[in-house]
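Protein chains in written order, with my numbering: chain A, 84 to 151; chain B, 6 to 207.
A quick write-up on the structure given underneath.
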């Protein structure tokens with residue numbers, strides 16, 4: 084998948100655990116883990132909106148496009 | 006989620022165990038009949054009759070005279086002291102019921118997965134396809150057994166006023182139903198793909 088998810092880096096910077104983020108965003112820890120490990124096939128705008136709100140970041144901070 | 010899948014699961018469970026009970030009873034009866042060595046029983050077999058021209062006449066004021074070409078039905082032969090034939094019939098019934106049990110088991114599992122909120126799985130797609138193929142196969146096998154029985158009767162029996170024959174006909178409705186179920190399985194394949202995508206959407 085050419086879209087890389089840098090969630091672990093931003094979580095570390097904000098000193099937040101994945102479980103905490105999942106709770107605040109309103110998704111299951113399993114889904115949060117799927118996103119963090121790059122296994123997700125799609126992300127809803129509502130989820131992306133909630134993640135950016137809780138982590139106080141931009142979508143580009145957690146999503147990166149890698150060609151090839 | 007509505008209660009319908011749970012209700013259907015319970016209904017299919019009840020039917021499954023009922024059919025299982027009937028199979029067990031059939032096997033017990035076959036064993037008893039075989040051991041006893043003699044039985045008073047009527048043998049009911051399918052027959053196809055081609056009446057002689059003057060044997061049966063049909064006349065309607067509206068439609069005129071009709072020629073009856075083929076009559077299908079069953080003949081009941083009194084048979085005393087032949088447990089082999091009775092056992093054979095009962096075993097055929099047991100085989101049919103076993104196939105029905107297999108289908109019911111698949112249906113139970115499908116309803117179970119629907120009740121648990123996971124209908125679109127590859128396993129369910131295979132179950133539905135198996136049910137469709139079983140329906141088609143049952144029609145072919147059923148008609149083949151029917152045809153064989155008719156031939157056996159025709160070769161060993163004489164009829165007055167008619168000629169005994171054998172007829173092999175497939176019910177198009179049953180075949181269409183089986184095909185429809187197989188097509189439904191293919192629709193489930195697409196549903197499974199959509200489900201997999203949905204599961205990986207956060």
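We put the CB at the ideal spot given by N, CA and C, even for glycine.
Just so it is clear, the structure is predicted and the values come from calculations on it, not from any experiment.
Residue 114 of chain A: contacting residues in chain B (beta-carbon distance under 7 angstroms): On the first chain, residue 114 of chain A is found 31 positions in, with the first residue counted as 1. Those are 207, listed as they occur along chain B.
Nearest residue (CA-CA) to residue 90 of chain A, options A:124, A:115, A:127, A:125: What you label residue 90 of chain A is simply residue 7 of the first chain in a count that begins at 1. Checking every option, the nearest Cα to that of residue 90 of chain A belongs to A:115.
Inter-residue spacing [alpha-carbon to alpha-carbon] between residue 141 of chain A and residue 127 of chain A: Walking along the first chain from the start, residue 141 of chain A turns up at place 58. Walking along the first chain from the start, residue 127 of chain A turns up at place 44. Taking the straight line from one Cα to the other gives about 15 angstroms.
Neighbour list for residue 202 of chain B in chain A, Cβ cutoff strictly below 9 angstroms: Counting from one through the second chain, the residue named residue 202 of chain B turns up at place 197. Here the neighbours are 124, 125.
Residue interval of the alpha helix (DSSP H) (run including residue 203 of chain B): Reading the second chain from its first residue, position 198 is the one you call residue 203 of chain B. First-last of the alpha helix (DSSP H) with residue 203 of chain B: 177-204.
Distance CB(residue 93 of chain A)-CB(residue 138 of chain A) smaller than 7 angstroms: On the first chain, residue 93 of chain A is found 10 positions in, with the first residue counted as 1. On the first chain, residue 138 of chain A is found 55 positions in, with the first residue counted as 1. Yes, they are a contact pair.
Buried or exposed by the 16-neighbour rule on C-beta atoms within 10 Å, applied to residue 155 of chain B: Residue numbering aside, residue 155 of chain B sits at position 150 when the second chain is read from its first letter. Under this definition residue 155 of chain B is a buried residue.
Neighbourhood of residue 28 of chain B by C-beta, 6 angstroms cutoff - its chain only, sequence neighbours within 5 removed: Counting from one through the second chain, the residue named residue 28 of chain B turns up at place 23. Hits under 6 angstroms: 99, 102.
Residue 83 of chain B - partner residues in DSSP beta bridges: Counted from its first residue, the second chain places residue 83 of chain B at position 78. Paired residue(s): B:47.
DSSP-derived helix/strand/coil call for residue 146 of chain B: For the purposes of this step, residue 146 of chain B is taken as the residue at position 141 of the second chain. It is helical.
Cβ-Cβ distance between residue 138 of chain B and residue 108 of chain B below 7 angstroms: Here residue 138 of chain B corresponds to residue number 133 of the second chain, with the count starting at 1. Here residue 108 of chain B corresponds to residue number 103 of the second chain, with the count starting at 1. No. Outside cutoff.
Proximity to residue 113 of chain B [Cα-Cα], best of B:15, B:9, B:7: Taking the second chain and counting its residues from 1, one reaches residue 113 of chain B at position 108. It is B:15 whose Cα lies nearest to the Cα of residue 113 of chain B.
Beta carbon of residue 79 of chain B nearer than 7 angstroms to that of residue 53 of chain B: Here residue 79 of chain B corresponds to residue number 74 of the second chain, with the count starting at 1. Here residue 53 of chain B corresponds to residue number 48 of the second chain, with the count starting at 1. Cβ atoms of residue 79 of chain B and residue 53 of chain B: not closer than 7 angstroms.
6 angstroms Cβ shell around residue 153 of chain B - same chain, five flanking residues per side excluded: In the second chain, counting from the first residue as 1, residue 153 of chain B sits at position 148. Counting only Cβ-Cβ distances below 6 angstroms, and skipping sequence neighbours, we find nothing.
Proximity of residue 136 of chain B and residue 189 of chain B at Cβ, strictly below 7 angstroms: The count along the second chain starts at 1 and reaches residue 136 of chain B at position 131. The count along the second chain starts at 1 and reaches residue 189 of chain B at position 184. No.
Nearest-angstrom Cα separation, counted from residue 141 of chain B out to residue 196 of chain B: Looking up residue 196 of chain B in the second chain gives position 191. Looking up residue 141 of chain B in the second chain gives position 136. Near 24 angstroms, if we compare the C-alpha coordinates of residue 141 of chain B and residue 196 of chain B.
CB-CB length for residue 123 of chain B against residue 124 of chain A, believed under 8 angstroms: Residue 123 of chain B sits at position 118 when you count from the first residue of the second chain. Residue 124 of chain A sits at position 41 when you count from the first residue of the first chain. Contact doesn't hold; Cβ gap of about 18 angstroms is too wide.
Contiguous alpha helix (DSSP H) assignments of at least 4 residues, all confined to the segment 109-176 of chain B: 127-161
Neighbourhood of residue 24 of chain B by C-beta distance below 7 angstroms, restricted to the same chain and skipping five residues each side: As a position in the second chain, residue 24 of chain B is number 19, starting the count at 1. Closer than 7 angstroms at Cβ, skipping near neighbours: 102, 105, 106, 109.
Residue-level contact to chain B via CB, residue 86 of chain A, 7 angstroms cutoff: Taking the first chain and counting its residues from 1, the one referred to as residue 86 of chain A is at position 3. No - not a single Cβ of chain B is within 7 angstroms of the one on residue 86 of chain A.
Interface partners of residue 118 of chain A on chain B, CB under 8 angstroms: Along the first chain, read from residue 1 onward, the residue named residue 118 of chain A stands at position 35. Those within 8 angstroms of residue 118 of chain A in chain B are 207.
Per DSSP, cross-strand counterpart(s) of residue 125 of chain A: Locating residue 125 of chain A in the first chain gives position 42, counting from the first residue. Per DSSP, B:206.
Cross-chain neighbours of residue 110 of chain A in chain B, by beta carbon under 9 angstroms: In the first chain, the residue the question calls residue 110 of chain A occupies position 27. Here the neighbours are 207.
Cβ contact (3+ pairs, closer than 8 angstroms) linking the segment 174-190 of chain B and the segment 63-74 of chain B: no
Simplified DSSP assignment, three categories, for residue 65 of chain B: Along the second chain, read from residue 1 onward, the residue named residue 65 of chain B stands at position 60. DSSP places residue 65 of chain B in strand when its eight states are reduced to three.
Where residue 130 of chain A meets chain B, residues with beta-carbon distance less than 8 angstroms: For the purposes of this step, residue 130 of chain A is taken as residue 47 along the first chain, with counting starting at 1. Chain B residues near residue 130 of chain A: 207.
Where the alpha helix (DSSP H) through residue 153 of chain A begins and ends: As displayed, chain A neither begins before 84 nor continues past 151, which places residue 153 of chain A out of reach and without an answer.
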